[in-house]
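Protein sequence lines, in the order shown, are assigned to chains A and B.
Sequential numbering of the first sequence, starting at 9, is according to the numbering used here.
Sequential numbering of the second sequence, starting at 90, is according to the numbering used here.
Where a beta carbon is used, it is the ideal one built from N, C-alpha and C, also for glycine.
Just so we're clear, the structure is a prediction, and the values are computed from it rather than from any experiment.
Below you'll find the structure, written out as C-alpha cells, and then a few comments.
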Amino acid sequence: QDQPQKHDEL
Amino acid sequence: MNIFRLAGDMTHLASVLVLLLKIHTIKSCAGVSLRTQELYAIVFATRYLDIFTSFVSVYNTFMKLVFLGSSFSIVWYMRYHKAVHRTYDREQDTFRHWFLVLPCLVLALLIHEKFTFLEVLWTFSLYLEAVAILPQLVLLQRTRNIDNLTGQYIFLLGGYRGLYILNWIYRYFTEPHFVHWITWIAGLVQTLLYADFFYYYFLRFIGGRGVE
Numbered sequence: 009q010d011q012p013q014k015h016d017e018l
Numbered sequence: 090m091n092i093f094r095l096a097g098d099m100t101h102l103a104s105v106l107v108l109l110l111k112i113h114t115i116k117s118c119a120g121v122s123l124r125t126q127e128l129y130a131i132v133f134a135t136r137y138l139d140i141f142t143s144f145v146s147v148y149n150t151f152m153k154l155v156f157l158g159s160s161f162s163i164v165w166y167m168r169y170h171k172a173v174h175r176t177y178d179r180e181q182d183t184f185r186h187w188f189l190v191l192p193c194l195v196l197a198l199l200i201h202e203k204f205t206f207l208e209v210l211w212t213f214s215l216y217l218e219a220v221a222i223l224p225q226l227v228l229l230q231r232t233r234n235i236d237n238l239t240g241q242y243i244f245l246l247g248g249y250r251g252l253y254i255l256n257w258i259y260r261y262f263t264e265p266h267f268v269h270w271i272t273w274i275a276g277l278v279q280t281l282l283y284a285d286f287f288y289y290y291f292l293r294f295i296g297g298r299g300v301e
C-alpha cells in the first residue's frame with residue numbers, strides 16, 4: 009500500500 | 090540501517106561532541122562560525138518536525154533529540170554565555186547567511202518530492218544543510234590558522250555526509266525503488282564544498298602541524 013514515504017534517515 | 094549510515098551518524102555525533110567539548114570545557118569558540126551553527130539549528134528544526142508524528146525507531150528519535158539539543162545549546166553558548174561569547178570572532182564571522190535561507194526555501198517550494206508542509210520544510214533543510222558550512226569555511230580562510238579541535242570538528246562534519254553517500258549507494262543496490270535524487274544531489278554538493286578543506290586538512294595532518 010502507498011505508505012506515506014517515511015524519512016528513516018537523520 | 091547499514092554500516093555506512095551508522096558510521097555516518099556516529100561521525101556526525103562525534104563532530105557535535107567535539108564542538109561541545111571545545112566550547113564547554115575550554116569555554117572557547119575561537120574559529121567557530123556562529124552563523125553556521127545558527128543555520129544548523131534551523132536545519133535540524135525543519136528536518137525533525139516529524140519527530141512527534143512519525144516514529145521510526147528509538148535510535149532515530151534519540152539521535153534527533155541529540156542533534157536538536159546540541160545545535161541549539163551551541164548557539165545559546167556562543168550567543169549568551171559570557172566567557173564563550175567573549176571568544177567569538179564577531180568581526181570575522183560576517184558571511185550573510187540569511188541570504189542562504191530564502192533561496193533554499195524558494196528552491197524547496199519548486200523542487201520537492203511531495204508538496205506538503207512537512208515535506209517542503211524537510212527538503213528546505215536538505216538544501217540549507219548543503220550550504221550551511223559556507224560561513225564556517227569563509228571564517229576559516231580569514232582566521233588562517235585554527236586549533237585542532239575546530240579542524241577536527243569541520244573534518245567530521247564534512248565526513249558524515251560523505252559516509253551517507255556510501256549509504257545511499259548501498260541502499261540503491263539493495264532496496265528496490267530506493268531513489269531520492271534530491272537527497273543525493275544535496276548531499277553530494279554538501280560534501281564537495283569540503284573538498285579543499287579536506288585537501289588542506291590531510292596535507293597539514295600528514296605534516297603533523299595544525300590546520301592552516
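Beta-carbon proximity list for residue i, same chain, < 6 Å, skipping 5 on both sides
{"i": "Glu127(B)", "result": "Val164"}
{"i": "Thr280(B)", "result": "Arg250 and Gly251"}
{"i": "Ala96(B)", "result": "Leu252"}
{"i": "Val227(B)", "result": "Phe184"}
{"i": "Arg179(B)", "result": "none"}
{"i": "Ile112(B)", "result": "Cys118, Tyr166 and Val173"}
{"i": "Leu255(B)", "result": "Phe93"}
{"i": "Phe161(B)", "result": "Ala130"}
{"i": "Phe291(B)", "result": "none"}
Backbone secondary structure at residue i - three-state DSSP
{"i": "Phe294(B)", "result": "helix"}
{"i": "Tyr148(B)", "result": "helix"}
{"i": "Val121(B)", "result": "coil"}
{"i": "Lys14(A)", "result": "coil"}
{"i": "Phe156(B)", "result": "helix"}
{"i": "Glu264(B)", "result": "coil"}
{"i": "Phe244(B)", "result": "helix"}
{"i": "Tyr137(B)", "result": "coil"}
Residues near residue i by beta carbon distance below 7 Å, same chain, minus five either side
{"i": "Ala221(B)", "result": "Thr125, Leu128, Tyr129 and Val132"}
{"i": "Leu198(B)", "result": "Val209"}
{"i": "Val278(B)", "result": "Ala219"}
{"i": "Phe213(B)", "result": "Thr135, Cys193, Leu194 and Ala197"}
{"i": "Glu207(B)", "result": "Here residue 207(B) is Leu; the residue named in the question, Glu, does not match the sequence. These residues qualify, in order along the chain: Leu138 and Asp139."}
Residue span of the alpha helix (DSSP H) that contains residue i, given as start and end
{"i": "Gly276(B)", "result": "Trp270 to Leu281"}
{"i": "His113(B)", "result": "Ile92 to Thr114"}
Residue i burial status per 10 Å Cβ neighbour count (16 or more: buried)
{"i": "Arg136(B)", "result": "buried"}
{"i": "Trp257(B)", "result": "buried"}
{"i": "Leu108(B)", "result": "buried"}
{"i": "Tyr289(B)", "result": "exposed"}
{"i": "Ala275(B)", "result": "buried"}
{"i": "Val268(B)", "result": "exposed"}
{"i": "Ser146(B)", "result": "exposed"}
The ligand COA heavy atom lying under 7 Å from the CB of residue i
{"i": "Ile200(B)", "result": "As far as ligands go, the structure on display features none, and thus does not contain the ligand COA."}
Hey, which unbroken runs of the alpha helix (DSSP H) at 4 residues or more fall wholly within the region 160-241 of chain B? 171-175, 187-199, 206-220 and 223-232
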